[in-house]
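Numbering (the working numbering), first residue to last: 9 to 487.
Beta carbons are placed, not taken as given, at the ideal position from N, Cα and C, and that holds for glycine.
Heads up, the thing below is written out as structure tokens.
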Amino acid sequence: MKELLNYIAGEWQKPISDMWLDNAEPATGKVYSRLPDSTNEDVDMAVEAAKKAFPMWSSKSVEERSRILLAIAHEMKSSFDALAEAESRDQGKPLQLSKVMDIPRAIQNIEFFATEILHFASESHAAKGVVNYTAHSPIGIVGCISPWNLPLYLFTWKIAPALAMGNCVIAKPSELTPLTATMFAELCMKAGLPPGVLNIVHGSGKQTGAAIVDHPEIKAISFTGGTVTGEHIASVAAPTFKKLSLELGGKNPSIIFDDCDFEEAVHQAVRSAFTNQGEICLCGSRILIENSIYDQFRDAFVNKVKQLTVGDPFEDGINVGALVSKSHWEKVLSYIQLAKEEGGTILCGGNSVSPKGRCEQGWFIEPTVIEGLDNACRTNQEEIFGPVVTLQRFSSEEEAIALANGTRYGLAANVWTQHLAKAHRMAHALDFGIVWINCWLLRDLRTPFGGMKDSGVGREGGFEVLRFFSETKNVCVKF
Ligand code: NAD
């Protein structure tokens, strides 16, 4: 069985406690590797390595840091196929998706922040006889904790800006998807990243994640994951005055007006609902449809959903792979049961799937569409994070806004209308950190990324994240 190790001080390290976790392939349900369940002692060792590396890394010129990050991106390109295969094996997503989304975006993250840092500038305020300028310096040692749904994509989304800004990083990928982060460490070694600048410590959230959040010498935590975990981290970190960036859950609406480009709206609503088995924080899981086209849209949508194929992520033509873990698979199935109990009608899907052959024991669920539920029920309020969506009707802009905003979450919304003024009105009225008009998951890495309400605190992306990963100082000079 493959053994994954921690990457500390530029070397592979076994967990000091010799505690391990099993790692399973979602498509087969079988354990195929194990990873450290690291403790405080391993995190201490990583922090010592980062402390040693920090003076050297932070004093490098931005050009030098940029060059090393670009060399890492180059190594990733050389290992593209191996990374894509590992990601699909570890996470359950179709291989094709890893090839067109996860791995290209992970490479783009590194390249983007490697070059963005060359253009990062701060403000200056001139007045009579005095000038103020803002200085940004690296914080020191920062913690990056990432989830399992887009493993290397979100791992690199955090560590690239942290490193570009001159910090040293203690990173923990999800214990459910540790593989590509481990491969990434190897690529960093090849690319010449100095030892101790990036340290990857594997393990469970409760043990390893908590040790990172608790560590007094880790000055900032960038976390992406569930809202409940985010609440917990915020409560633990607040008394220590650590900087916190929290990217949390969502219950995103896709809002379909009767003046939309119908074919495109149907196509994108399906994509937004079921890409990555619905396991993207930005997926549209509540589809709100204007009354006048409700029946027509529902029928076209369900018809398209029925054409999606579920099965082995490594087979050609598969649209929906396996859910990441047995417990997550059970959770999603329990929500389908709940929807029935709440009075919902299953229009298609609703069952687990057991593909023939090697994936018979895998964790698959049919893409599921439900109608007939009101906005207040749990199915429409709680994040399911799987291939399950609900359809609801609305008959006015005001009602669409009330339904869309009527949850605790505020991550992303997508709106489908050809009416320019209505599109802008909606964008302003929706309480979401991202509003896509006539598109979905169209990302420009220069833009601020994050959620309102219980979907998070702070923004990633663009220059925002460089500010997060730095200390800001006002320097006032009288002359
Ligand atoms: P999770 O909260 O269970 O875990 C996320 C990470 O936090 C993992 O690495 C985990 O080990 C770690 N962790 C768990 N408990 C911890 C603790 N007490 N202290 C420190 N670390 C801890 O989330 P998940 O199930 O891995 O991911 C799914 C969730 O992530 C969904 O809610 C989804 O919406 C959210 N998500 C949000 C975004 C976003 O950008 N807003 C992106 C992707 C996923």
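According to DSSP, G292 shares a beta bridge with N260. Pairing I167 with I149 gives a Cβ-Cβ distance that is not under 8 Å. Here the alpha carbons of F457 and D110 stand approximately 17 Å from one another. Within its own chain, the residues whose Cβ lies closer than 6 Å to the Cβ of Y141, once the five positions on either side in sequence are excluded, are S132, V483, listed in chain order. In this structure, S66 and E479 do not form a Cβ contact; the two beta carbons are roughly 11 Å apart against a cut-off of 8 Å. In the three-state reduction of the DSSP assignment, L254 falls in the strand class, which pools E and B. Bounds of any alpha helix (DSSP H) do not take in R401; it lies within the beta strand (DSSP E) bounded by 396-402.
The Cβ atoms of I115 and K85 sit closer than 8 Å to each other.
For C152, the shortest C-beta to heavy atom distance toward the ligand NAD is 7 Å or greater.
Exposure of G137 is indicated by the presence of fewer than 16 other C-beta atoms within 10 angstroms of its C-beta.
Counted as a single uninterrupted DSSP element, the alpha helix (DSSP H) harbouring N413 occupies residues 405-413.
DSSP, reduced to helix, strand and coil, places I392 outside both helices and strands of the structure shown, so it counts as coil. Counted as a single uninterrupted DSSP element, the alpha helix (DSSP H) harbouring N48 occupies residues 48-67. As a beta-bridge residue in DSSP terms, I229 pairs with G151, L252. Judged by DSSP in its simplified three-state form, G418 adopts strand. The beta carbons of K10 and S41 sit closer together than 8 Å. Under the three-state reduction of DSSP output, H336 falls in the helix class.
N157 has its CB nearer than 7 Å to a heavy atom of the ligand NAD. Looking only at T398, G292, H210, the smallest Cα-Cα distance to I153 is reached by H210. Inter-segment contact for the segment 194-203 and the segment 74-88 is present: three or more beta-carbon pairs are separated by less than 8 Å.
As a beta-bridge residue in DSSP terms, T353 pairs with E379. From the listed residues R73, R475, R113, A79, the smallest Cα separation to L91 is found for R113.
The beta carbon of K180 sits closer than 7 Å to at least one heavy atom of the ligand NAD. Where V236 is concerned, the enclosing alpha helix (DSSP H) starts and stops at 235-245. Shown here, V138 sits in a strand according to DSSP, grouped into three states. For F322, the closest of E33, V39, W444, C268 by C-alpha to C-alpha distance is E33.
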